[in-house]
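Chemist: In mature numbering (1 follows the signal peptide of the UniProt record, and there is no 0), the protein residues as written are -21 to -1, 1 to 418. To start, I am sharing the structure in question, which I have written as structure tokens.
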């Protein structure tokens, strides 16, 4: 797999945000890169850098989940043709932004794998320190594998370093095997990480919260409920005022991607209208705007207007692009637990209590629905407005088999997976790589 041929990359500073330079890093001697606890720490920081890529959490990954679904549209005067493909759900395998997501995720996996391979040999680290380092790296690897799974379905599972041209001929693994590796990595992370001192690095709660999401997507609702409950009952996070949620390191945030003026994101730039010096490559869809109830406190935080033009406003640092991007937060745990309980046909009062906790924060009246189908539909709608522009909507519709019914441009299940990037299909280093059906 050509995109996996990254050498060590561990000593890249956290400020790096673009697709990493293979040639320059190949000159780094492996024995020089990681030789002690300090090297491991730098390597862990390097493993986070791929999340910051513009094709990943720096822009495209978040936007594409709403754009492929029904939360964002590509305006008629927008210029990014790759974004038009996503909006129309007619994606070409040579789409550069899709390729960038794929390569960024595998770069993150490979960096993590290189550091993982070095940890056992560190003489200046205690067993507990080694396990904590591995836990953080396993979390990073799991999140990358999970993101790949959600966009592409069966993908190659990588658990060993790729150095030079070795280990490139990697076939796609079944979805069940990908889930198995993700859950194993997160279970280890959960057992070996502590509370953490910052929201931009993995913690025990972050691993538990991601396990809640992973198990919900997988359909293991008992586990999803248990993990969401563990995070809620930890009382380490609060459902604060919605206007305060997206401040860096807020009390609701469990894990977020770090951005600064040195490693900026371009989310606001692609959302803001041209009159405010943005590009307006995407805009909130009319159906999303009408999905908000009158008086919903989430609406003025999520959507702003420049004259008559609406635009997504959750991440709004246009000048610098230094606002962190939230990956996991407490409101999701309540809605995961509610959905899991409904799928298990459990306690209706408990389901409503979790939904209403989120609605109360939004200054909306309680729901009194009592049927499981009605509650599940209500949760779908709540998730749409609660997590608008945070990269959830496409995955919610695909995992619940609702995409074909809800999205006018999705006519068959083949369209619910993105195409494997063309560069992965045509390379002779990985002849076992097969394209998704329909592309």
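For each residue, glycine too, the CB sits at the ideal point set by N, CA and C. Predicted, not measured: the structure shown is a model, and the values here were computed from it.
If you reduce the DSSP assignment to three classes, tell me which class residue 40 lands in.
Modeler: Residue 40 falls in the helix class under three-state DSSP.
Chemist: For residue 148 and residue 410, I'd like the C-alpha separation in whole angstroms.
Modeler: Each residue's Cα considered, the two are about 7 Å apart.
Chemist: If we ignore side chains and look at the alpha-carbon of each, how far apart do residue 79 and residue 39 end up?
Modeler: Those two C-alpha atoms are separated by around 9 Å.
Chemist: Do the stretch 152 to 169 and the stretch 128 to 141 touch if we need at least three Cβ pairs shorter than 8 Å?
Modeler: The stretch 152 to 169 vs the stretch 128 to 141: in contact.
Chemist: Which parts of the stretch 163 to 220 are runs of the alpha helix (DSSP H), unbroken and 4 residues or longer, counting only runs that do not cross its ends?
Modeler: Taking only runs of at least 4 residues, the alpha helix (DSSP H) segments lying wholly in the stretch 163 to 220 are 183 to 197, 200 to 213.
Chemist: Can you give me the C-alpha to C-alpha distance between residue 19 and residue 13, rounded to a whole angstrom?
Modeler: One C-alpha to the other measures close to 6 Å.
Chemist: Straight-line CA distance for residue 77 to residue 34?
Modeler: Taking the straight line joining both Cα atoms gives about 8 Å.
Chemist: Is residue 289 helix, strand or coil by DSSP?
Modeler: Of the three classes helix, strand and coil, the one that applies to residue 289 here is strand, per DSSP.
Chemist: From the DSSP secondary-structure annotation, give me the bridge partner or partners of residue 236.
Modeler: For residue 236, which the question treats as bridged, DSSP gives the partners 304.
Chemist: For residue 294 and residue 219, what's the separation of their Cα atoms in angstroms?
Modeler: Whole-angstrom Cα-Cα distance: 17 Å.
Chemist: State the Cα-Cα distance for the pair residue 300 and residue 325, rounded to the nearest angstrom.
Modeler: Between residue 300 and residue 325, the C-alpha separation is close to 43 Å.
Chemist: Do you know offhand how far residue 8's Cα is from residue 228's?
Modeler: Only weak support is given to the placement of residue 8: the predicted model assigns it a pLDDT of 44, under 50, and the question is left unresolved by the model.
Chemist: Have a look at 308, 171, 167 and flag the residue whose alpha-carbon is nearest the alpha-carbon of residue 226.
Modeler: Closest option to residue 226, Cα to Cα, is 308.
Chemist: Does residue 165 come within less than 9 Å of chain B when only Cβ atoms are used?
Modeler: Going by chain labels, chain B is absent from the structure shown, which holds only one protein chain.
Chemist: What number of angstroms, rounded off, separates the C-alpha of residue 285 from the C-alpha of residue 349?
Modeler: If you take the alpha carbons of residue 285 and residue 349, they lie about 41 Å apart.
Chemist: Are there 16 or more other CB atoms within 10 angstroms of the CB of residue 177, so buried, or fewer, so exposed?
Modeler: So residue 177 ends up on the exposed side.
Chemist: Here's the rule I'm using: 16 or more other beta-carbon atoms within 10 Å means buried, otherwise exposed. How should residue 395 be labelled?
Modeler: Buried: at least 16 other Cβ atoms inside 10 Å.
Chemist: If I measure Cβ to Cβ from residue 251 and keep anything under 7 Å in the same chain, skipping five residues before and after, which residues do I get?
Modeler: Within the same chain, residue 251 has close Cβ partners 257, 259, 290, 297.
Chemist: Quick one, are the C-beta atoms of residue 377 and residue 270 less than 9 Å apart?
Modeler: Taking 9 Å as the Cβ cut-off, residue 377 and residue 270 do not qualify as a contacting pair.
Chemist: By DSSP, does residue 464 sit in helix, in strand, or in coil?
Modeler: Shown here, the chain extends from -21 to 418; a query on residue 464 therefore has no answer.
Chemist: Can at least three beta-carbon pairs, one atom from the stretch 192 to 211 and one from the stretch 274 to 285, be found at a separation below 8 Å?
Modeler: Flag = no, the stretch 192 to 211 and the stretch 274 to 285 do not touch.
Chemist: Assuming residue 94 contacts residue 23 under a Cβ cut-off of 8 Å, what Cβ separation, rounded to an integer in Å, is found between them?
Modeler: Correct: roughly 6 Å between the Cβ atoms.
Chemist: Could you check what DSSP says for residue 263 in three-state terms: helix, strand or coil?
Modeler: Looking at residue 263 - three-state DSSP - the assignment turns out to be strand.
Chemist: I believe residue 165 touches residue 193 by the beta-carbon criterion, under 8 Å. Please report the beta-carbon distance rounded to the nearest angstrom.
Modeler: Right, the Cβ-Cβ distance comes to about 7 Å (below 8 Å), so this counts as a contact.
Chemist: Can the beta-carbon of residue 56 be found less than 9 Å from the beta-carbon of residue 264?
Modeler: Contact flag unset, no.
Chemist: Closer than 8 Å by C-beta to residue 288: which residues in its own chain qualify, once you throw out the five before and the five after it? Chain order, please.
Modeler: Only 252, 254, 259, 262 meet the Cβ criterion.
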